[in-house]
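Remarks on the structure that follows.
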Amino acid sequence: MTKTRETTASPIGQLPVSSSLEFCLRTVHSRLSPCFARAEPRMRALNYMFGLANIVNKPSAGRRNIATYESEYRADGAQRLLTTARWDDAEVRRKLREMARAAAATGGDFFITEATFAKKGNRAVAVDLQFSSENGRAQNCQNAVALLYVSPDRKVFLLDIDLYLPPAWSESERLRKQGNIPPEVRHRSKSAIASDMIQRAIADEFRPRRIYLSLNCPNKLRLLMLLQQQQIPHLTWLTSAELGQLDESAEPRTPAGCRADLVPRQMSRQRPSPMTVTLTPTPPFATAGKRASTSYFRACMHHPLSPNGMGHAMAEMRHLDRRWRAIRTRSQLDRYEVRGWVGWHRHMTLAMAVQFASELTEEPVPV
4 MTKTRETTAS
14 PIGQLPVSSS
24 LEFCLRTVHS
34 RLSPCFARAE
44 PRMRALNYMF
54 GLANIVNKPS
64 AGRRNIATYE
74 SEYRADGAQR
84 LLTTARWDDA
94 EVRRKLREMA
104 RAAAATGGDF
114 FITEATFAKK
124 GNRAVAVDLQ
134 FSSENGRAQN
144 CQNAVALLYV
154 SPDRKVFLLD
164 IDLYLPPAWS
174 ESERLRKQGN
184 IPPEVRHRSK
194 SAIASDMIQR
204 AIADEFRPRR
214 IYLSLNCPNK
224 LRLLMLLQQQ
234 QIPHLTWLTS
244 AELGQLDESA
254 EPRTPAGCRA
264 DLVPRQMSRQ
274 RPSPMTVTLT
284 PTPPFATAGK
294 RASTSYFRAC
304 MHHPLSPNGM
314 GHAMAEMRHL
324 DRRWRAIRTR
334 SQLDRYEVRG
344 WVGWHRHMTL
354 AMAVQFASEL
364 TEEPVPV
């Protein structure tokens, strides 16, 4: 038996980190293989995942894309993988959520946040002058919304990520053609995107204990009211302006673009009693950097949180922000060489597979 076969047959926990990651990536890829119609994009997808994970046996200076083979000097095949190749990226994401649910312990939390991808030009899809929550100012960028599941053993799995489409890109036929935006894709607020993500995850049998929201969106208050109406415990940052707009006595209404059936009937609710809202001013160290305008932390739970409980929740939110930044770097979510809508989402789908495999091979973060 060769040395390579011995390594492949060994248990993941007994292998070095690099070898166990490669073994896990191959295992994940084998589960995703039915989603690819042909062998060529199937193998390129594995090569692309290896490139994102920095698993390259013999790097070549002439390779122009992480999905190209060692003997290739053109990026045509790699571009086809992300643009025109026949494979179902929505089904790949569903399978990844299924594997994450099987690998993660129950009773975890959802963390919904946004990501900014700064761009110099205006040719890439959804690039516009818009507010960056990471830098605290308006800049030329793409914005995206991400949903993560935090298991009780501190594993974090990226369940979903979707690109925010500014109204200008949605309404202009020229820009839609430039970005290869599918006809069914229209402008949705970040809160509507988050609502759809929660719905998909719950439909895949995720049962979050609570939801942490870290969004900068004009419709965020409507999403909070919807979550409160559906009795889903949640915590979020609020600016002074948002707090002034929020009327706790108002009857929750379904926001435009959000689903009223956010929680399926089969999902049991913890208590039929009304939710309890707790507000606390955030300390100075919690409002530094990108959250300079944040002044309050709002918790909507079945039981009121004590001051110590609110402090722990705020610390958890900051910890999840740091974990999210580490995930972006480790999975190379920012490293994509496509400009179209489909290519962007397909890159993120394969990066989600890399993040899932790398999270399984990492040691649990101490509580």
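Per the numbering used here, the very first residue in the sequence shown carries number 4; after that it's consecutive. Where a beta carbon is used, it is the ideal one built from N, C-alpha and C, also for glycine. The structure displayed is predicted, hence computed values, not measured ones.
Check whether residue i and residue j have beta carbons under 8 Å apart
i    : j    : result
V95  : T279 : no
P185 : W327 : no
A302 : T285 : no
T119 : V341 : no
Y215 : M320 : yes
L162 : A103 : yes
Q142 : S135 : yes
D79  : R349 : no
H237 : L230 : yes
V148 : A206 : no
L308 : A316 : yes
S192 : N219 : no
W347 : L227 : no
Cut-off 8 Å between Cβ atoms - residues of its own chain near residue i, not counting five sequence neighbours on either side
i    : result
L224 : E245, Q248, L249
P44  : R83, L84, A88, R89, W90
K122 : V130, N143, C144, Q145
A318 : none
S36  : R45
T239 : Y215, L216, S217, L218, K223, L227, F300, R301
Status (buried if at least 16 other CB within 10 Å, exposed otherwise) for residue i
i    : result
N125 : exposed
N57  : exposed
N138 : exposed
T109 : exposed
A81  : buried
S217 : buried
E117 : buried
S243 : exposed
S325 : It is Arg, not Ser, that sits at residue 325 in the sequence shown. Exposed: under 16 other Cβ atoms inside 10 Å.
R179 : buried
A42  : exposed
A48  : buried
Nonlocal neighbours in the same chain, by C-beta distance under 6 Å from residue i, ignoring five residues either side
i    : result
L241 : Y299, R301
R189 : S173
T283 : F300, M313
L168 : A129, H190
S154 : A107, A108, G111
I115 : L150, A197, L216
Backbone CA spacing between residue i and residue j [nearest angstrom]
i    : j    : result
D131 : G111 : 35 Å
M46  : N311 : 51 Å
R34  : N50  : 15 Å
G182 : S334 : 24 Å
I128 : P211 : Contrary to the premise, residue 128 reads as Val rather than Ile in this sequence. Answer to the nearest angstrom: the Cα atoms are 32 Å apart.
Q133 : F113 : 26 Å
T30  : A204 : 23 Å
Q233 : R177 : 40 Å
P277 : E187 : 38 Å
K98  : Q202 : 16 Å
R140 : D199 : 27 Å
S175 : Y339 : 25 Å
F209 : M304 : 19 Å
R331 : A171 : 27 Å
E101 : C38  : 14 Å
A329 : L336 : 11 Å
I164 : A40  : 24 Å
Contact set for residue i: own chain, Cβ-Cβ below 7 Å, skip 5 residues either direction
i    : result
F160 : A103, A107, L151, Y152, F359, E362
M52  : L28, H32, L353, A356, V357
H306 : T279
Any non-hydrogen atom of the ligand SAH closer than 7 Å to residue i Cβ
i    : result
H190 : Among the ligands in the structure shown, none appear at all, so the ligand SAH cannot be discussed.
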